[in-house]
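Structure, as structure tokens:
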Amino acid sequence: MGAGDDTLAGLFAASPLHFAGSPLYSRVGQVVAGDERLLAVAAQARAGQIPSNLLFASVHYLLLRDPAHELAAWYPSLGGTAEGDPGPAFTAFCLDRRAEIVALMRRRLVQTNVVKRSLVLRAGLAVVASMTREPVTLVEVGCSAGVHLRFDDYRYDFAGRTWGRASSPVVVSAAWRGETAAPDLDPVPDLADRVGIDLNPIDATDPDERRWLRALVWPENGAHAVLQDAALEAVARNPPRTVAGDAVEVLPQVVAEVPRGAPVVVFHSATRIHVPAGRREAFDAAIADVGRDHALFHLSYEAYEGLDETSFGLTLSRDAGPGRLLAVGHGHGEWLAGPV
Ligand SMILES: C[S@@+](CC[C@H](N)C(=O)[O-])C[C@H]1O[C@@H](n2cnc3c(N)ncnc32)[C@H](O)[C@@H]1O
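Take the sequence shown: its position 51, counted from the start at 1, is 121 in the numbering used here, and no numbers get skipped.
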């Protein structure tokens, strides 16, 4: 079993690749891969969702709600410092709480909203600003709670400089690993409007929705949890407009409200990978169609051919033309490099 094995057991066995940076998920992924009872639980994931992300988040969510179970001792997010094998406690928890886990896996989606990707959006918007002086409408496809739609509320510490709102409590920091000068994060275009589209927009004012977002953050990644909370506060204070639905159906309706010929930036990050393979052509076509009646700038931060599992490519295409690789970066926005 391994990364090339597309069975459910193969997916879990490849956890050290998919969850690099989470020793706990790397380890329990192997446990699930070797246990038919746990695989049977994981097989209940909602169609089109990645079962390992959903199973781990469902367990984490239940522990966050009620941390009394001994399994919590392995979760740094709950103050756990246990060493040794988490397998027996993880297995016991999944079997005891099977019904609740399955209910969550059937209802919930993988919606991790990674604040640091806002820096990538900002870098892409700075390139757009060099191509148009007009105010743009920003449409984020797969916006989750909408933290990127408030990108201009945050401060950015990047490549030895500070950008954005200096006094912001949301401080996004990332390293520049390129051999050339780091890209500017300014200026960015004025926004005529901003709107998010998601299968299930998350309400940042709802504590239970926020607990699910917290559960999606890997247990070792306390810094991300703190940053996410700060960004969700900013979103809750000033929620951006979001529209619920599949982008294939909703994007044309949203863009129809924008004056003909006006510039539209369609941005998505870590979203296309969650679109079932059979829907991806329609997903791409819906975005390309925006270019029929509008000046389209398509910014994508997604898995990219030739990069490893932990890295994404930032591409920009104009009016549905071929995508230009602007940069490569860490999937969770820890660093940016390029152009390559
Ligand atoms: C992993 S999250 C990433 C969220 C955000 N883009 C980020 O980078 O932080 C993927 C999001 O895409 C949404 N999504 C997946 N397929 C979609 C579709 N066809 N139309 C609209 N939203 C979709 C999911 O509901 C989820 O909120």
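Backbone N, C-alpha and C define an ideal beta-carbon position, used for all residues, glycine too.
{"query": "Whose C-beta lies closer than 7 Å to the C-beta of L133 among residues of the same chain, with five residues either side of it excluded?", "result": "H139, L141, A142, Y145 and L148"}
{"query": "Quick one: what does DSSP say H364 is sitting in, helix, strand or coil?", "result": "coil"}
{"query": "With DSSP collapsed to three states, give me the class of W282.", "result": "helix"}
{"query": "Among all the DSSP beta bridges, which residues are the ones paired with P333?", "result": "A365"}
{"query": "Could you compute how far the alpha carbon of C213 sits from the alpha carbon of G331?", "result": "24 Å"}
{"query": "Can you list, in chain order, the residues of its chain with a C-beta nearer than 7 Å to that of R97? Leave out the 5 residues immediately preceding and following it.", "result": "P156"}
{"query": "Please name the residue or residues paired with Q372 in a DSSP beta bridge.", "result": "It is Glu, not Gln, that sits at residue 372 in the sequence shown. Answer is G383."}
{"query": "Does DSSP classify Y263 as helix, strand or coil?", "result": "Position check: residue 263 holds Asp in this sequence, whereas Tyr was assumed. In the structure shown, D263 sits in a strand (DSSP, three-state: E or B)."}
{"query": "Is it buried or exposed, G72, if we count other Cβ atoms within 10 angstroms and call 16 or more buried?", "result": "Residue placement at G72 cannot be trusted, given a pLDDT of 41 that sits under 50; what the coordinates show is reported in the next sentence. By the 10 Å Cβ count, G72 comes out exposed."}
{"query": "Applying the criterion that 16 or more other CB atoms from any shown protein chain within 10 Å of the CB defines a buried residue, is T77 buried or exposed?", "result": "exposed"}
{"query": "So is the beta-carbon of V325 under 7 Å away from any non-hydrogen atom of ligand 1?", "result": "no"}
{"query": "From which residue to which residue does the beta strand (DSSP E) around T232 run?", "result": "R231 to G234"}
{"query": "With DSSP as the reference, label R167 as helix, strand or coil.", "result": "coil"}
{"query": "Starting from S243, trace the beta strand (DSSP E) in both directions and tell me its first and last residue.", "result": "V241 to W246"}
{"query": "Keeping to the same chain, check which residues put their C-beta closer than 6 Å to that of A127; ignore five residues upstream and five downstream.", "result": "A285 and L286"}
{"query": "Kindly indicate the opening and closing residues of the alpha helix (DSSP H) around G99.", "result": "P93 to A103"}
{"query": "Given a cut-off of 8 Å on the beta-carbon distance, is the pair V209 and R225 in contact?", "result": "no"}
{"query": "Quick check on the DSSP output: the alpha helix (DSSP H) that includes V398 runs from which residue to which?", "result": "Taken as a continuous stretch (DSSP letters only), V398 belongs to no alpha helix (DSSP H), being part of the beta strand (DSSP E) at R394 to H400."}
{"query": "Give a single yes or no on whether V336 has its beta carbon closer than 7 Å to a heavy atom of ligand 1.", "result": "no"}
{"query": "Hey, A215 and A274 are a contact pair by Cβ (cut 8 Å); roughly how many whole angstroms apart?", "result": "5 Å"}
{"query": "Looking at C-alpha atoms only, which residue of R307, V398, A356 and P257 is the closest neighbour of V336?", "result": "A356"}
{"query": "Are L219 and W233 touching if we call contact CB-CB under 8 Å?", "result": "no"}
{"query": "Is any heavy atom in ligand 1 found nearer than 7 Å to the beta carbon of Q298?", "result": "no"}
{"query": "Assign G288 to one of three DSSP states: helix, strand, or coil.", "result": "Note that residue 288 is Trp in the sequence shown, not Gly. Residue state, collapsed to three classes: coil."}
{"query": "Would you call the CB atoms of M175 and L124 closer than 8 Å?", "result": "yes"}
{"query": "Nearest-angstrom Cα distance between P277 and T250?", "result": "43 Å"}
{"query": "Report whether the distance from the Cβ of T63 to the nearest heavy atom of ligand 1 is below 7 Å.", "result": "The displayed coordinates of the chain run from 71 to 410. Any statement about residue 63 would go beyond what the structure contains."}
{"query": "I'd like the list of long-range same chain contacts for E204, defined as Cβ closer than 6 Å, with 5 residues on each side in sequence excluded.", "result": "P333"}
{"query": "Is S85 helix, strand or coil by DSSP?", "result": "helix"}
{"query": "At a threshold of 7 Å, does G401 count as lining ligand 1 (C-beta to nearest heavy atom)?", "result": "no"}
{"query": "Which same chain residues end up closer than 6 Å to F82 when comparing Cβ atoms and leaving out the 5 residues on each side of it in sequence?", "result": "G99, V102, A103 and S122"}
{"query": "What residue from H400, P409 and T341 has the CA that sits closest to A90's CA?", "result": "H400"}
{"query": "CB-CB under 7 Å to Y131, same chain, minus the five flanking residues each way: which ones, in chain order?", "result": "L174, R281, W282 and A285"}
{"query": "Can you list, in chain order, the residues of its chain whose CB lies under 6 Å from that of A245, leaving out five sequence neighbours each side?", "result": "W405"}
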